[in-house]
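Everything in the first sequence is counted per the working numbering, starting at 27 for the first residue and increasing by one.
Here's the structure, in structure tokens; my notes come after.
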Amino acid sequence: QEAGMPDPRHELGRDKLVEKIIDFVGESRDTIRRQIRAMGSSCDWSRERYTMDPQLNRCVNGVFARMFRDGLIYRAPRIVNWDPHLQTTVSDDEIEHQERHAKFYTIKYGPFLVGTSRPETKLGDTAVAVHPDDERYREHIGKVYEVQWPKGPKISVRVVADEEVDPETGTGALGVTPAHSAVDFDIAERHDLPLIQVIGEDGRMTEAAGEHYAGMTVEECREAFAAELEAAGLMVEVKDYVQQTSICYRSKKPIEPLPKPQWFIAVDKPAVPWKGRRLSLKQVLRDAVASGDIRILPDHQEKTYFHWIDNLRDWCISRQIWWGHRVPVYYRGEEDMYVGHEPPVGDGWAQDEDTLDTWFSSALWTWSTLIDPELAKDPSKSLRELLAESPDYRKFHPTAVMETGYDILFFWVARMILMTTYATGEVPFRTVYLHGLILDKDGDKMSKSKPETAVDPTEVIQESGADILRLSMMLGNAPGQDLKLTPERMTGCQRLVTKIWNASKLIDVTVGRIVDAGVRSALAVPEAPEHPVNRWMLDRLRELIVRVDGRFAAYAFGDAAEQIRQSFWNELCDFYLEAIKVEPLSGSRETAAVLMHALRTYLKLFHPYMPFVTEHLWGELVDGESMLLHAQWPEAPAAHDFAETEAVDAVVRLVAAVRGVRAEQNLEPGAQIELAVEATSHQAVFEACGPIIARLVRASEVQWIDAGADEPANASLAVDPDFKAAVSLGEADRQAERQRLEKQLAHTEKRLAGLEKQLANENFVTRAKPEAVENVRRNAEDARATLESVRERLAALGA
RNA sequence: AGACCCGUAGCUCAGUUGGUUAGAGCGCUACGUUGACAUCGUAGAGGUCAGCGGUUCAAGUCCGCUCGGGUCUACCA
Numbered sequence: 027q028e029a030g031m032p033d034p035r036h037e038l039g040r041d042k043l044v045e046k047i048i049d050f051v052g053e054s055r056d057t058i059r060r061q062i063r064a065m066g067s068s069c070d071w072s073r074e075r076y077t078m079d080p081q082l083n084r085c086v087n088g089v090f091a092r093m094f095r096d097g098l099i100y101r102a103p104r105i106v107n108w109d110p111h112l113q114t115t116v117s118d119d120e121i122e123h124q125e126r127h128a129k130f131y132t133i134k135y136g137p138f139l140v141g142t143s144r145p146e147t148k149l150g151d152t153a154v155a156v157h158p159d160d161e162r163y164r165e166h167i168g169k170v171y172e173v174q175w176p177k178g179p180k181i182s183v184r185v186v187a188d189e190e191v192d193p194e195t196g197t198g199a200l201g202v203t204p205a206h207s208a209v210d211f212d213i214a215e216r217h218d219l220p221l222i223q224v225i226g227e228d229g230r231m232t233e234a235a236g237e238h239y240a241g242m243t244v245e246e247c248r249e250a251f252a253a254e255l256e257a258a259g260l261m262v263e264v265k266d267y268v269q270q271t272s273i274c275y276r277s278k279k280p281i282e283p284l285p286k287p288q289w290f291i292a293v294d295k296p297a298v299p300w301k302g303r304r305l306s307l308k309q310v311l312r313d314a315v316a317s318g319d320i321r322i323l324p325d326h327q328e329k330t331y332f333h334w335i336d337n338l339r340d341w342c343i344s345r346q347i348w349w350g351h352r353v354p355v356y357y358r359g360e361e362d363m364y365v366g367h368e369p370p371v372g373d374g375w376a377q378d379e380d381t382l383d384t385w386f387s388s389a390l391w392t393w394s395t396l397i398d399p400e401l402a403k404d405p406s407k408s409l410r411e412l413l414a415e416s417p418d419y420r421k422f423h424p425t426a427v428m429e430t431g432y433d434i435l436f437f438w439v440a441r442m443i444l445m446t447t448y449a450t451g452e453v454p455f456r457t458v459y460l461h462g463l464i465l466d467k468d469g470d471k472m473s474k475s476k477p478e479t480a481v482d483p484t485e486v487i488q489e490s491g492a493d494i495l496r497l498s499m500m501l502g503n504a505p506g507q508d509l510k511l512t513p514e515r516m517t518g519c520q521r522l523v524t525k526i527w528n529a530s531k532l533i534d535v536t537v538g539r540i541v542d543a544g545v546r547s548a549l550a551v552p553e554a555p556e557h558p559v560n561r562w563m564l565d566r567l568r569e570l571i572v573r574v575d576g577r578f579a580a581y582a583f584g585d586a587a588e589q590i591r592q593s594f595w596n597e598l599c600d601f602y603l604e605a606i607k608v609e610p611l612s613g614s615r616e617t618a619a620v621l622m623h624a625l626r627t628y629l630k631l632f633h634p635y636m637p638f639v640t641e642h643l644w645g646e647l648v649d650g651e652s653m654l655l656h657a658q659w660p661e662a663p664a665a666h667d668f669a670e671t672e673a674v675d676a677v678v679r680l681v682a683a684v685r686g687v688r689a690e691q692n693l694e695p696g697a698q699i700e701l702a703v704e705a706t707s708h709q710a711v712f713e714a715c716g717p718i719i720a721r722l723v724r725a726s727e728v729q730w731i732d733a734g735a736d737e738p739a740n741a742s743l744a745v746d747p748d749f750k751a752a753v754s755l756g757e758a759d760r761q762a763e764r765q766r767l768e769k770q771l772a773h774t775e776k777r778l779a780g781l782e783k784q785l786a787n788e789n790f791v792t793r794a795k796p797e798a799v800e801n802v803r804r805n806a807e808d809a810r811a812t813l814e815s816v817r818e819r820l821a822a823l824g825a
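In structure tokens form, the structure reads like this:
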């Protein structure tokens, strides 16, 4: 239509149109393939499938035929959602709701007053329904009234009693229009009422609406009829009213409920064998998740799923469109009908013109894709035989994890559960991981129907690279949470990727200085290096792996990435890579081994998030022969759980504390300071780290003070449970030092007061977990020790 | 109308089973660096965790209500 062909179906005919669609599909498929590859997804491309592949069609037909035999698929005239614009039915799930400012009319109707927002449908009324207990109308039940509509037909309405009618709503009398309302259709079935269709498939009034109105559009007729009612004195009231209207998700045009024979799936019929019982499809849907056979993440989405099942009605699966799996039903004359996965033998058979809802074939996805394409060519095989004999099906079904957006839970996930439990007797997957949606900077969700919100991955990749795009969508994002993809978000990821590149280069150069290139690959991970900082690095890596594995197990991929980033930046780059610039670490072979181990480990951990950069670095710096993609996921060796870790953590704190003093005392940034340290614990590790400390805080050297000895007089003192560090001031700024200490004093006192209050609470000490109490005790002791030191120092300074 | 989600630093968001002093990125301030760093480093400012009530020794976390924002579902004539 956009290319200037107003009615392509008419002008081209079925075969030509389908050919054009095939061309279009080919282009889309190429785009999708390009995008998925550019994103670096690791797919098994040898098993690529398309829903229209012959083997999948075979499964569609087979399932349809079996469901028909089991009475789960039926054809019946029902009220369907008809799109007059697209000339097809659409399913309940393909309808969107829109508010429309409308009028609410109250019409005099025989002895009743009846309310409606669609007066034009009243031309096709065949009954008035009231609640059986409604005293106001009891006398009328069972009677028949003739109503002459102005310039319209004379209709005859029977008064029926029906529980569905709510006496509180409107006047309590409901004009029944069986042909144009699903509720009314059901009422008509219960009371065997006739059906008059006054709106046609073209969206215009039919002859049944009377000569005057026939041919008008629905809107025209509404206005014209309302005016006539007014003139005839039958219009009692007209109010403004906000109406919820149904529109088609694709055409965005109003849906017209119409009676039409269509194919349906019966969701309430108990015909499915499941766990030794015969259940309805609805019941199986419910059981698959309620029993825990399938887990939906995040958990709260299970509620949404159950809510959907509760409201599910029979699913209309036939469409009057030409692209799709054709309904496998064949007719001959008026009488003969054949349903099967192969066309019937003999002449004179014509296939049903309709196609199936796209979700019908998508619902078979987890197993139809695993059916052996060769076996599927054999028409003598039953569906059960195809399943039993297809190696991929036997090996890979059920799928472990189904990952998709939560907006598609009903369309796809629920229908896969429905169809797969029926067709295979198995659940399609064990875990459903529902990710969030991508939002633009204004918070609007990315969607095909709103091109301005769409992000084309290939464009972003051209500019920033796939790794940064991937990271931006994962780093720090919680499961199922929507995500604003903004330039600011990508900036941080850009920096991380660059940092990894640079740190890897430094590791490469450093290792190259220590060992020959040929020896590098022979560097084994040291079991127990000598230097505490090397031990610390191995232990940090070990613990990081444990944390990341834990986060992965919880499907918290964003948090896992955050953990890796923190460790990489703060522990490796900011501390370890600085520490090893100092002797004896700088020249030691064990440092080279730890460096290579760290590089390998971080590359592996980052690889799922940024496959391209890490793969490249792996090839250049670690192993040119193998691929990182194929490498073993890192394991956390228990042997690397070293006791020195706590001590080196104290060293890290010492460095930070001294830097803090430097900043607060406004010491000349380039100047070397004189530093004296009393290690109240971990003396050996502190002393081993002396040169590192000296470098990181720009001290000429570290002087060690014996426990209890006096600190230098003209110095600023940093106090910690594990150490006291004195920075000589030369021209002492006592005022600044006093302020700094008083700040720490106030802070520590406040903290201690809180801790002591907690310990004084009998209930806390007796009822809280012992570890919690022990923690508070230890912290209180530390705080007291710190206070004492700070007070002493203040006193010494006081004079 | 019903269901669900969200409300935490200027912005975008983390915060696992309730447990010390609530975190990150971006932005901001000051200083420094250009011998891994398409910069980076160091230090810092910034939060009554929407509000009210409850449970508990202990609540950002559990429960109830209210107010805001959003999504989905719906056959009110």
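Each residue gets a CB set at the ideal place from its N, CA and C atoms; glycine is no exception.
Are the beta-carbon atoms of residue i and residue j separated by less than 7 Å?
{"i": "Leu435", "j": "Asp508", "result": "no"}
{"i": "Ile105", "j": "Ala208", "result": "yes"}
{"i": "Val183", "j": "Val140", "result": "no"}
{"i": "Leu611", "j": "Ser530", "result": "no"}
{"i": "Trp375", "j": "Arg352", "result": "no"}
{"i": "Gly150", "j": "Ala205", "result": "yes"}
{"i": "Leu501", "j": "Ala414", "result": "no"}
{"i": "Gly201", "j": "Val173", "result": "no"}
Taking the DSSP output, what are the residues bridged to residue i?
{"i": "Pro283", "result": "Asn107"}
{"i": "Ile291", "result": "Ile99, Trp341"}
{"i": "Ser726", "result": "According to DSSP, Ser726 bridges with nothing at all."}
{"i": "Trp300", "result": "Arg303"}
{"i": "Phe455", "result": "Thr425"}
{"i": "Asp212", "result": "Asp212 pairs with nothing; no bridge assigned."}
{"i": "Leu570", "result": "None; Leu570 has no bridge partner."}
{"i": "Thr115", "result": "Trp108"}
Hey, quick one: how far does the alpha helix (DSSP H) through residue i stretch, first residue to last?
{"i": "Phe790", "result": "788-793"}
{"i": "Asp336", "result": "327-336"}
{"i": "Ala257", "result": "244-257"}
{"i": "Trp393", "result": "391-394"}
{"i": "Ile526", "result": "513-540"}
{"i": "Gln488", "result": "483-490"}
{"i": "Lys403", "result": "Where Lys403 is concerned, there is no enclosing alpha helix (DSSP H), given that its DSSP letter is neither H nor E."}
For the beta strand (DSSP E) containing residue i, name the first residue and the last one.
{"i": "Arg126", "result": "121-135"}
{"i": "Met261", "result": "261-274"}
{"i": "Thr142", "result": "138-142"}
On a Cα-Cα basis, can you pick out the residue from the options that is closest to residue i?
{"i": "Phe386", "options": "Val202, Val86, Glu588", "result": "Val86"}
{"i": "Asp228", "options": "Val541, Pro110, Ala316, Glu161", "result": "Pro110"}
{"i": "Pro555", "options": "Ile590, Val620, Gly491, Gln592", "result": "Val620"}
{"i": "Ile225", "options": "Arg144, Ser614, Ala258, Glu553", "result": "Arg144"}
{"i": "Glu245", "options": "Gln223, Pro280, Val545", "result": "Pro280"}
{"i": "Glu368", "options": "Gln27, Ala744, Phe90", "result": "Phe90"}
{"i": "Phe638", "options": "Val523, Met363, Ala579", "result": "Val523"}
{"i": "Glu616", "options": "Leu549, Ile347, Pro103", "result": "Leu549"}
{"i": "Gly372", "options": "Arg216, Trp659, Gly88, Asp362", "result": "Asp362"}
{"i": "Val439", "options": "Met428, Arg230, Ala449", "result": "Met428"}
{"i": "Thr457", "options": "Gln377, Pro738, Tyr135, Asp325", "result": "Asp325"}
{"i": "Ala624", "options": "Ala682, Asn560, Val684, Tyr581", "result": "Asn560"}
{"i": "Thr536", "options": "Leu771, Ala794, Lys607", "result": "Lys607"}
Would the stretch 657-669 and the stretch 692-700 be scored as touching if the rule is three or more Cβ pairs under 8 Å? no
Closer than 8 Å is the cut-off here; do at least three beta carbon pairs connect the stretch 739-751 with the stretch 670-686? yes
Three or more C-beta pairs closer than 8 Å, one from the stretch 279-297 and one from the stretch 92-99: is that the case here? yes
Report yes or no: do the stretch 80-95 and the stretch 379-396 share at least 3 C-beta pairs separated by less than 8 Å? yes
At least 3 beta-carbon pairs within less than 8 Å: the stretch 129-148 vs the stretch 257-269: yes
Given 8 Å, three or more beta-carbon pairs between the stretch 112-123 and the stretch 307-325: no
Does the contact criterion of 3 or more C-beta pairs under 8 Å hold for the stretch 49-65 versus the stretch 473-492? yes
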